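Residue numbers (this note's numbering): 60 to 581.
By construction, the Cβ of each residue, glycine as well, lies at the ideal position given by its N, Cα and C atoms.
Please read all numbers here as calculations on a predicted model, not as lab measurements.
Read through the structure below, which is laid out as structure tokens, and then see the notes.
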């Protein structure tokens with residue numbers, strides 16, 4: 060019989076065929092291309108549940124062969140952010156592309172609609188009535204709630220009730236709710252894996268959302284009791300997280316609680332919930348914040364655009380590509396107490412031997428507390444040499460160890476501490492280079508973000524507690540490929556100086572022609 064931890068990990072390993080592919084031409088336009096080389100199964104037999112077949116890199120499939128893709132996303136965010144509309148728009152868009160789309164319902168709503176009342180789970184006495192109710196009797200409830208709300212089934216108040224000293228029943232229900240969520244999601248993930256078409260699975264919130272509304276000690280107790288860990292729950296389980304910022308944060312005139320039976324938060328509380336919801340996912344490698352800097356229609360288009368960019372789907376002129384990757388040199392790392400809440404990861408990059416001077420391959424190992432995720436990335440020009448193709452594949456530990464035998468001795472292994480944090484509705488990654496490495500990397504700290512903002516709007520959202528020396532987007536001196544070279548830059552022939560910028564399946568399109576095809580390596 061599988062444990063809760065087994066149920067959680069299993070779907071994360073079923074990544075066969077989930078490769079990211081995109082092409083960027085020299086003028087910044089994206090084109091869809093068939094890769095000339097892909098990572099594929101080494102065995103034709105079906106893998107065991109929770110395991111991934113061995114991989115090899117030396118077989119060249121025909122140009123007509125295509126891998127079926129299963130892509131799992133989470134839509135999260137505070138009240139009135141557009142999640143319901145976003146689900147519908149994504150569903151319509153991808154079904155029009157011929158994809159199969161599954162929409163995983165919000166588990167809390169499903170269970171609580173069955174008659175569970177959080178007051179029944181925390182209070183020994185009879186539930187309050189209109190004649191006996193006093194607000195202080197339920198201090199864990201939201202002040203905006205009406206009496207009907209208080210005695211009904213609000214998921215947020217249930218989570219708050221679970222954090223109370225006498226909330227053991229609510230705590231247990233919250234734990235079972237997460238287990239149920241995992242099982243419901245697993246069911247849809249299996250349906251996606253068995254589908255004959257490309258499949259998009261949209262989760263209405265994910266397992267990490269529960270951590271936003273429960274105390275840290277209770278959450279850690281729950282994780283330990285179920286043998287859960289954040290790398291599996293947050294990083295490996297879902298391919299992408301989309302946080303739709305509440306209208307209470309930046310579009311207050313449009314914030315409304317009307318026509319929504321489960322929403323009664325005021326603007327201030329909605330802002331707080333929105334921030335907590337985003338903070339729960341800080342650390343996911345592909346976490347996109349869709350803010351209210353544009354009108355709602357454009358916000359929905361930006362959401363779809365973000366998913367298409369990650370998948371490498373050519374959207375033509377239907378959606379305007381706006382986001383681009385930015386990189387900044389930081390003078391010195393400030394103390395930890397200067398940062399907003401953050402997540403730290405250990406990251407290790409290995410460059411691999413490649414088929415030619417214009418082809419790059421590398422491995423990335425990323426994790427916390429000895430729990431890891433593994434990615435193989437390969438970049439190459441297309442047959443005309445005018446664009447770049449990139450394929451990303453999630454690996455098992457076994458495949459990662461096998462591929463390490465192909466390490467390129469011309470490059471140092473790159474060791475980093477990657478700090479992820481959210482500020483001003485902008486998601487940042489701070490790469491702190493660690494030893495051992497080339498002396499050129501000593502003390503190097505680089506800040507990266509994706510943004511469609513420019514000018515003062517971009518400047519105002521940057522972290523004020525960081526001393527930014529300069530922007531180094533596209534500067535070959537700060538390319539990870541060049542930084543890892545063992546030879547001196549003045550004598551090596553491997554240093555990248557002239558080429559076009561690359562757009563990969565995790566990056567936006569840069570508006571600036573760049574010098575090196577391997578610049579801004581994630």
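7 Å Cβ cutoff met for residue i and residue j
i           : j           : result
residue 342 : residue 479 : yes
residue 409 : residue 422 : yes
residue 420 : residue 339 : no
residue 427 : residue 398 : no
residue 553 : residue 542 : no
residue 353 : residue 240 : no
residue 333 : residue 308 : yes
residue 244 : residue 169 : no
residue 532 : residue 385 : yes
residue 158 : residue 257 : yes
residue 505 : residue 490 : yes
residue 337 : residue 305 : no
CA-to-CA distance, residue j to residue i, given in whole angstroms
i           : j           : result
residue 264 : residue 294 : 14 Å
residue 261 : residue 364 : 15 Å
residue 406 : residue 432 : 10 Å
residue 473 : residue 488 : 16 Å
residue 510 : residue 520 : 10 Å
residue 227 : residue 234 : 10 Å
residue 314 : residue 139 : 6 Å
residue 524 : residue 534 : 24 Å
residue 460 : residue 435 : 11 Å
residue 253 : residue 424 : 29 Å
residue 229 : residue 527 : 46 Å
residue 251 : residue 439 : 30 Å
residue 546 : residue 498 : 12 Å
residue 335 : residue 231 : 22 Å
residue 301 : residue 273 : 21 Å
residue 147 : residue 465 : 44 Å
residue 143 : residue 255 : 27 Å
residue 452 : residue 283 : 30 Å
residue 310 : residue 171 : 30 Å
residue 477 : residue 548 : 26 Å
residue 331 : residue 539 : 37 Å
residue 182 : residue 279 : In this predicted model, residue 182 has a pLDDT of only 43, less than 50, meaning its place in the structure is not dependable; the value taken from the coordinates is given anyway. Whole-angstrom Cα-Cα distance: 24 Å.
residue 494 : residue 501 : 7 Å
residue 469 : residue 390 : 28 Å
residue 327 : residue 296 : 32 Å
Contacting residues, own chain, Cβ-Cβ under 6 Å from residue i (five flanking each side not counted)
i           : result
residue 141 : 303
residue 160 : 150, 153, 154 and 259
residue 415 : none
residue 503 : 492
residue 454 : 433 and 435
residue 537 : 531
Assigned exposure category for residue i - 16 Cβ within 10 Å defines buried
i           : result
residue 366 : buried
residue 137 : buried
residue 298 : buried
residue 156 : exposed
residue 267 : buried
residue 368 : buried
residue 371 : buried
residue 355 : exposed
residue 394 : exposed
residue 242 : exposed
residue 312 : exposed
residue 383 : buried
residue 463 : exposed
residue 457 : exposed
Sequence-distant residues of the same chain with beta carbon closer than 8 Å to residue i, five excluded per side
i           : result
residue 529 : 387 and 388
Neighbourhood of residue i by C-beta distance below 7 Å, restricted to the same chain and skipping five residues each side
i           : result
residue 145 : 134, 303, 359 and 362
residue 237 : 266 and 269
residue 486 : 346, 348 and 508
residue 496 : 471, 473 and 474
residue 467 : 410, 411 and 412
residue 517 : 510
residue 482 : 399 and 522
residue 275 : none
residue 392 : 491 and 504
Residue i CB to nearest heavy atom of the ligand SAH below 6 Å
i           : result
residue 154 : Only the bare structure without any ligand can be found here, which leaves the ligand SAH out of the picture.
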